[in-house]
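Beneath this line is the structure, given in structure tokens, with notes to follow.
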Amino acid sequence: MENSAPPPRKPVKGVFSTDAQEFQGKRRIGHLSQRIFVYAVEQDDGRVLIQRLSRNFMPAGARRFITRESLLADYLPEPSIYINKLVPVMRRLEETVATADRHRQRQELFTAEFEYKNVLRVDEEHVKATFGLGLTYLERQEKQNADIVFQKIMRIEAAFTPEHKHLFNDFGIQMRKLGMYDEAMRYYIRAYHLCRTDEHLLYNMARTLYEKGRLKSSRMMLTHALRLNPEFPEGKAFMAYLDSRRRGEMPPEPPLE
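According to this note's numbering, the sequence shown is numbered sequentially starting from 13.
Given below as structure tokens:
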């Protein structure tokens with residue numbers, strides 16, 4: 013009789029509770045402490061990302077990693093909180109963001125702003141809503157409000173993860189269109205510190221430097237992008253444009269995107 017392979021282990025995902033002092037790494041024997049809830053998601057590398065839940069039952073504040081063993085030893089599963097509190101709130105927020113996105117696509121920008129802010133009142137670090145609000149201000153050409161959102165995005169580490177790459181790119185392009193070149197460069201550098209092998213990111217940095225009038229630095233950054241991917245079409249087209257400029261020709265500028 014053949015031995016069947018054990019079924020693959022399911023990654024951990026849910027709400028857990030722990031002693032507040034345990035969470036903070038400060039065990040004090042005989043000292044009463046409150047229990048707190050955290051949202052835990054096991055990553056591909058086996059580590060578990062945990063984040064404390066706010067009073068609205070949303071993940072908020074600092075994120076940190078622990079081992080699966082530490083989670084199972086020091087935290088208690090709270091399936092009822094996950095099913096009855098966290099999941100419904102997250103689902104409702106995603107629906108509200110989708111509604112706001114539709115308003116923004118239809119250029120109903122004040123209604124979009126209202127809906128994004130409704131989400132951020134519940135989850136102040138909601139990445140999609142933050143990007144959406146920032147894009148709304150950029151499309152209304154409100155630099156001051158857009159800069160406030162930009163400063164917030166720079167503090168949210170999750171904004172620079174691959175799952176939000178499309179929003180990240182849109183936000184950078186809109187900043188450049190509005191002439192916020194210094195902010196766009198800081199934005200791209202922040203992402204570059206997290207990933208140094210993304211040719212699209214290097215291309216965006218090259219475009220920003222070009223728009224700031226720094227042609228030599230732009231070419232150097234673009235060369236780096238093409239070294240990573242010699243067949244990168246946007247990079248090749250932009251390098252051809254820079255070569256034409258160097259020869260004294262006046263080709264049409266490539267689109268900002």
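Just so you know, even glycine gets a beta-carbon here, dropped at the ideal spot from N, CA and C.
Cα-Cα separation between residue i and residue j, rounded to whole angstroms
i	j	result
Pro89	Ala32	15 Å
Pro20	Gly58	13 Å
Glu137	Glu195	20 Å
Lys129	Ser92	28 Å
Tyr193	Ser256	24 Å
Met197	Glu223	11 Å
Leu65	Pro100	14 Å
Asn165	Phe143	Correcting the residue type first, residue 165 is Ile in the shown sequence and not Asn. Approximately 8 Å, taken between the alpha carbons.
Leu214	Gln117	28 Å
Gly26	Ala72	15 Å
Pro266	Glu120	29 Å
Tyr94	Leu234	46 Å
Ser29	Arg104	23 Å
Ala249	Met70	44 Å
Where residue i sits in the DSSP three-state scheme
i	result
Lys228	helix
Met13	Here the model assigns Met13 a pLDDT of 48, short of 50, so the residue's position is not dependable, and the following value carries that caveat. Note: Met13 maps to coil in three-state DSSP.
Gln46	coil
Pro242	coil
Asp159	helix
Phe77	strand
Pro174	helix
Pro263	coil
Pro89	strand
Contact set for residue i: own chain, Cβ-Cβ below 7 Å, skip 5 residues either direction
i	result
Phe77	Arg59, Val60 and Leu61
Met13	With a pLDDT of 48 at Met13, under the threshold of 50, the predicted position of this residue should be treated as unreliable, and no value is reported.
Thr108	Glu127, Asn130 and Val131
Bounding residues of the alpha helix (DSSP H) (the contiguous stretch that carries residue i)
i	result
Phe250	Pro245 to Arg258
Arg116	Val99 to Gln117
Asn55	Checking the sequence shown, residue 55 turns out to be Gln, not Asn. Taken as a continuous stretch (DSSP letters only), Gln55 belongs to no alpha helix (DSSP H), as it is neither H nor E.
Thr123	Leu121 to Val134
Arg202	Tyr193 to Leu206
Ile185	Lys177 to Lys189
Arg219	Glu211 to Glu223
Own chain residues within Cβ distance below 6 Å of residue i, not counting five before or after
i	result
Phe172	Ala203 and Leu206
Asp56	none
Gly125	Residue identity differs from the one stated: residue 125 is Glu in this sequence, not Gly. Result list for Glu125: Thr148, in chain order.
Leu254	Arg231
CB contact flag (residue i, residue j, <9 Å)
i	j	result
Asn68	Asp135	yes
Val50	Tyr87	yes
Leu240	Glu211	yes
Arg7	Glu54	There is no way to answer for residue 7, as the model of the chain reaches only from 13 to 269.
Glu169	Arg75	yes
Range of the contiguous beta strand (DSSP E) that encloses residue i
i	result
Lys140	No beta strand (DSSP E) holds Lys140; the alpha helix (DSSP H) holding it covers Val139 to Glu151.
Asp31	Lys25 to Asp31
Ala85	Looking at the DSSP string, Ala85 is not in any beta strand (DSSP E); the run it does join, the alpha helix (DSSP H), is Arg80 to Asp86.
Arg64	Val60 to Leu65
Same chain, Cβ closer than 8 Å to residue i, five either side skipped, listed in chain order
i	result
Thr111	Glu127
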